[in-house]
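Student: Under the working numbering, think of the first position of the sequence shown as 25, with each following residue one higher.
Structure in structure tokens, see below.
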Amino acid sequence: MLKRINTILSIVFVFSLMLSCSEESNPEFDIQTFTTIFDNNKFDASFFPIEMRQTADGGYIVLGGRKLDDSNFTGIYLLKADKFGNFVKEIEVEETSVNPVAKLTEYQTKYYFFCMDPLTQQAQIANVDANLEAVTITPVQGGLTYPAAASFVDNSFILLGYNNGDKQTVISIVNPDGGILSSKGYSIGTGEDIEEPIIKHYIRTGRQYPFEVGKVSSNLYFFNGFFNYTFSLVFTDMTSDDPVGVVQGQQADGGFSALTPLGGNKFASSRFNFGENFLIPNKELSTSGITSTVDLGGYSLPELVPNANVRILRAKIDTENVLIYGSDTKSKQIGLLFYEEATGTFISSRYLGFSNPFEIASLTQTSDEGLAVCGTTYVAGRFPRICIFKLSKEQLASNLNK
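And the structure:
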């Protein structure tokens with residue numbers, strides 16, 4: 025039985041992004057705009073977010089990780105905040121399930137994510153209700169191991185994993201009950217050198233690779249992961265032994281750092297290459313044959329940290345379709361970069377964070393047409409904690425010069 029540990033957070037810092045002339049709080053304003061840092065009375069504990077979703081009550085669920093004392097893997101942490109950004113509840117899932125991965129997906133009133141058994145590395149599918157009353161965890165059938173990323177299309181999950189025995193990156197279609205509908209593996213190559221960065225990713229002793237998986241069209245899927253000695257974007261029909269197309273990176277030192285399909289063969293993306301970062305807001309990618317990320321160009325952003333984490337959100341601001349890129353800056357803030365979706369033209373930027381270092385984890389457009397940004401901050405410069413920034417509809421519109 026799953027054990028739920030509910031520890032009251034000792035300190036919750038709530039900073040308003042703007043000052044009010046009134047001494048009394050304005051509830052409507054407090055919903056639209058806030059910044060919250062969730063501190064904890066376990067001062068040496070480490071908590072970090074993986075993904076966030078808004079719930080029907082206007083609040084937020086954060087899927088996160090926590091450092092475990094007796095395991096190389098990451099524990100599972102769930103947090104619920106209300107619509108004002110106030111702490112409501114947390115769950116530290118027992119250590120029979122570890123290494124949660126995005127995406128956190130809402131389906132039939134539950135929120136789903138994948139994790140794994142720490143002893144067998146077997147993939148597990150988990151769900152939780154909006155109030156964090158209970159977590160249900162079920163083994164995924166078919167012997168799938170080491171989940172890395174997931175998405176949800178046509179009422180089924182697309183799961184990316186790693187088969188340590190066969191040295192394959194595996195893409196699978198999984199139903200919400202954990203049953204396998206189809207699965208296909210592709211070799212990463214042979215030798216310990218190619219597997220080393222993958223293992224370091226899972227035990228968090230090395231670079232956290234931006235694994236992605238999704239669907240382009242009715243018979244074409246993609247994954248961003250290791251294939252043939254290189255971190256690559258791979259297109260597959262999930263039946264052929266060879267991929268339909270590959271956009272190669274630079275072994276473990278280059279490739280896509282984020283991908284969002286825009287329709288057809290167009291993607292909003294970003295790439296890393298030996299520490300440099302390039303944003304590519306609107307680009308048609310070849311889904312057949314072999315191409316290279318190096319040839320894609322992109323906007324170079326020296327202000328970002330080397331091999332930066334990048335998140336991309338398709339958003340509607342007023343009546344305009346906009347791409348919002350979130351990333352980590354050298355100034356230790358979260359940078360938000362706004363681009364026109366149709367043309368890829370840069371619009372403006374905004375920076376979040378103060379005093380402590382901040383890092384991006386998740387972006388979501390809220391029901392009031394604002395933006396919620398979830399990230400990690402470091403209290404006293406050393407203790408990882410979860411934070412949420414909420415921007416109003418009007419603040420977003422100001423980034424379009426309106």
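All C-beta atoms, glycine included, are put in the ideal place defined by N, C-alpha and C.
Everything numeric in this text was worked out from a predicted model, so none of it was measured.
Of the choices Leu-283, Ala-282, Phe-250 and Asp-265, whose alpha-carbon is the least far from that of Gln-274?
Tutor: Taking the first residue of the sequence shown as 1, we reach residue 274 at position 250. Selected option, being the one with the closest Cα: Phe-250.
Student: Spatial neighbours of Tyr-375 within its chain, please: CB distance less than 8 Å, with the 5 preceding and 5 following residues excluded, ordered by chain position.
Tutor: As a position in the sequence shown, residue 375 is number 351, starting the count at 1. Only Thr-353, Ser-355, Gln-357, Ile-358, Gly-359 and Leu-360 meet the Cβ criterion.
Student: Between the alpha carbons of Asn-243 and Asp-261, how many angstroms are there, rounded?
Tutor: Walking along the sequence shown from the start, residue 243 turns up at place 219. Walking along the sequence shown from the start, residue 261 turns up at place 237. Roughly 6 Å between the two C-alpha positions.
Student: When we look at the beta-carbon of Thr-401 and count the other beta-carbons within 10 Å, is it buried (16 or more) or exposed?
Tutor: The sequence position of residue 401 within the sequence shown is 377, counting from 1. Looking at its Cβ environment, which holds 16 or more other Cβ atoms inside 10 Å, Thr-401 is buried.
Student: According to DSSP, is Gln-192 part of a helix, a strand, or is it coil?
Tutor: Position 168 of the sequence shown, counting from 1, holds the residue named residue 192. Looking at Gln-192 - three-state DSSP - the assignment turns out to be strand.
Student: May I ask you to verify whether the stretch 57-73 touches the stretch 82-91, counting CB pairs closer than 8 Å and requiring at least 3?
Tutor: Output reads yes: the stretch 82-91 touches the stretch 57-73.
Student: What do you get for Pro-326, buried or exposed, if any count of 16 or more other CB atoms within 10 angstroms of its CB means buried?
Tutor: Your numbering for residue 326 matches position 302 in the sequence shown. Per the 10 Å Cβ criterion, exposed.
Student: Does the stretch 402-414 touch the stretch 363-381, meaning 3 or more C-beta pairs lie closer than 8 Å?
Tutor: Segments in contact, yes.
Student: Is Val-177 buried or exposed, if buried means 16 or more other CB atoms sit within 10 Å of its CB?
Tutor: For the purposes of this step, residue 177 is taken as residue 153 along the sequence shown, with counting starting at 1. Classification of Val-177: exposed, given that the 10 Å Cβ count is below 16.
Student: Beta-carbon within less than 6 Å of Ala-19's beta-carbon, same chain only, minus the 5 sequence neighbours each way: which residues are those?
Tutor: With the chain represented from 25 up to 426, any question about residue 19 goes unanswered, as that position is not in the structure.
Student: Using a Cβ-Cβ cut-off of 8 Å (strictly less than) and excluding sequence neighbours within five positions of Lys-113, which residues of its own chain qualify?
Tutor: On the sequence shown, position 89 is the one that residue 113 refers to. Answer for Lys-113: Asn-30, Leu-103, Lys-104, Asn-155 and Leu-156, listed in chain order.
Student: If you scan the stretch 245-332 from start to end, which runs of the beta strand (DSSP E) of 3 or more residues do you find wholly inside it?
Tutor: Taking only runs of at least 3 residues, the beta strand (DSSP E) segments lying wholly in the stretch 245-332 are 254-260, 269-272, 278-287, 290-297, 300-308 and 313-316.
Student: Determine the DSSP secondary structure at Leu-102, reduced to helix, strand or coil.
Tutor: Looking up residue 102 in the sequence shown gives position 78. DSSP places Leu-102 in strand when its eight states are reduced to three.
Student: Per DSSP, which one or two residues make a beta bridge with Lys-113?
Tutor: The residue you call residue 113 lines up with position 89 of the sequence shown. Paired residues: Lys-104.
Student: Quick check: the Cα distance between Leu-395 and Leu-337, rounded to an integer number of angstroms?
Tutor: For the purposes of this step, residue 395 is taken as the residue at position 371 of the sequence shown. For the purposes of this step, residue 337 is taken as the residue at position 313 of the sequence shown. Approximately 10 Å, taken between the alpha carbons.
Student: So, for Gln-232: in the same chain, excluding its five sequence neighbours on each side, which residues have a beta-carbon less than 8 Å away from its beta-carbon?
Tutor: Start at 1 with the first residue of the sequence shown, and residue 232 comes out as number 208. Same-chain partners within the cutoff: His-225 and Asn-333.
Student: Once DSSP output is grouped into helix, strand and coil, what is the label at Leu-156?
Tutor: Taking the sequence shown and counting its residues from 1, one reaches residue 156 at position 132. In this structure, Leu-156 counts as coil in the three-state DSSP scheme.
Student: What are the boundary residues of the beta strand (DSSP E) that Glu-236 is part of?
Tutor: The residue given as residue 236 occupies position 212 in the sequence shown. Where Glu-236 is concerned, the enclosing beta strand (DSSP E) stretches over 236-241.
Student: Given a cut-off of 7 Å on the beta-carbon distance, is the pair Ile-384 and Gly-368 in contact?
Tutor: The residue you call residue 384 lines up with position 360 of the sequence shown. The residue you call residue 368 lines up with position 344 of the sequence shown. No; because the gap between Cβ atoms is not below 7 Å, this pair is not in contact.
Student: Can you look up Lys-5 in the DSSP assignment and give me helix, strand or coil?
Tutor: No answer is possible for residue 5: it lies beyond the span of the chain, which begins at 25 and ends at 426.
Student: Specify whether the stretch 162-177 and the stretch 202-210 touch according to this definition: at least 3 beta carbon pairs, one from each stretch, less than 8 Å apart.
Tutor: Touching, yes, given that three or more Cβ pairs across the two stretches are closer than 8 Å.
Student: For Glu-418, which residues in the same chain have their Cβ closer than 6 Å to its Cβ, ignoring the five residues on either side in sequence?
Tutor: Along the sequence shown, one-based indexing puts residue 418 at 394. Taken in chain order, the list of residues that qualify is empty.
Student: Under 8 Å: do the stretch 253-267 and the stretch 207-218 share three or more Cβ pairs, one atom per stretch?
Tutor: The stretch 253-267, when compared against the stretch 207-218, does touch it at the 8 Å Cβ threshold.
Student: In angstroms, rounded to a whole number, what distance separates the CA positions of Arg-406 and Asn-123?
Tutor: Here residue 406 refers to the residue found at position 382 of the sequence shown. Here residue 123 refers to the residue found at position 99 of the sequence shown. Straight-line Cα distance between these residues: approximately 22 Å.
Student: Tell whether a beta-carbon distance below 7 Å holds between Lys-127 and Ser-175.
Tutor: Start at 1 with the first residue of the sequence shown, and residue 127 comes out as number 103. Start at 1 with the first residue of the sequence shown, and residue 175 comes out as number 151. For Lys-127 and Ser-175, yes; Cβs fall inside 7 Å.
Student: Span of the alpha helix (DSSP H) holding Pro-365?
Tutor: Here residue 365 refers to the residue found at position 341 when the sequence shown is read from its first residue. Reading the sequence as shown, one finds Glu at residue 365 and not Pro. From DSSP, Glu-365 is part of no alpha helix (DSSP H); its letter is neither H nor E.
Student: For Ser-312, I'd like the list of residues in its chain whose CB is within less than 8 Å of its CB, leaving aside the five on either flank, ordered along the chain.
Tutor: In the sequence shown, counting from the first residue as 1, residue 312 sits at position 288. Hits under 8 Å: Phe-259, Val-268 and Gly-269.
Student: Thinking C-alpha only, which one of Ile-100, Ile-61, Lys-66 and Ile-55 is nearest Gly-83?
Tutor: Mapped onto the sequence shown, residue 83 falls at position 59. Selected option, being the one with the closest Cα: Ile-55.
Student: Give a yes or no on whether the C-beta atoms belonging to Tyr-245 and Gly-213 are separated by under 7 Å.
Tutor: Within the sequence shown, the letter at position 221 stands for residue 245. Within the sequence shown, the letter at position 189 stands for residue 213. No, the pair does not count as a contact, with Cβ atoms beyond the cut-off.
Student: Is it right to say Lys-107 is buried, meaning 16 or more other beta carbons lie within 10 angstroms of its own, or is it exposed?
Tutor: Reading the sequence shown from its first residue, position 83 is the one you call residue 107. So Lys-107 counts as buried.
Student: How is the beta strand (DSSP E) around Asp-352 delimited, first residue to last?
Tutor: Counting from 1 along the sequence shown, the entry for residue 352 is found at position 328. It spans 344-352 - the beta strand (DSSP E) in which Asp-352 sits, taken as one unbroken run.
Student: Helix or strand or just coil, what does DSSP make of Ser-46?
Tutor: Indexing the sequence shown from 1 puts residue 46 at position 22. Its pLDDT being 34, under 50, Ser-46 is placed unreliably in this model, and the coordinates cannot settle the point.
Student: Just tell me which of Asp-277, Asp-93, Asp-94 and Glu-119 has its CA closest to the CA of Ile-100.
Tutor: Start at 1 with the first residue of the sequence shown, and residue 100 comes out as number 76. When each option's Cα is compared against that of Ile-100, the closest is Glu-119.
Student: Tell me the residue span of the beta strand (DSSP E) that contains Glu-418.
Tutor: Numbered from its first residue, the sequence shown carries residue 418 at position 394. Element bounds for Glu-418: not the beta strand (DSSP E) but the alpha helix (DSSP H), 417-422.
Student: Taking just the CA atoms, how far does Ala-282 sit from Thr-291?
Tutor: Counting from one through the sequence shown, the residue named residue 291 turns up at place 267. Counting from one through the sequence shown, the residue named residue 282 turns up at place 258. Looking at the sequence itself, residue 291 is Phe, so the reference to Thr does not match. Cα to Cα, the separation comes out at about 10 Å.
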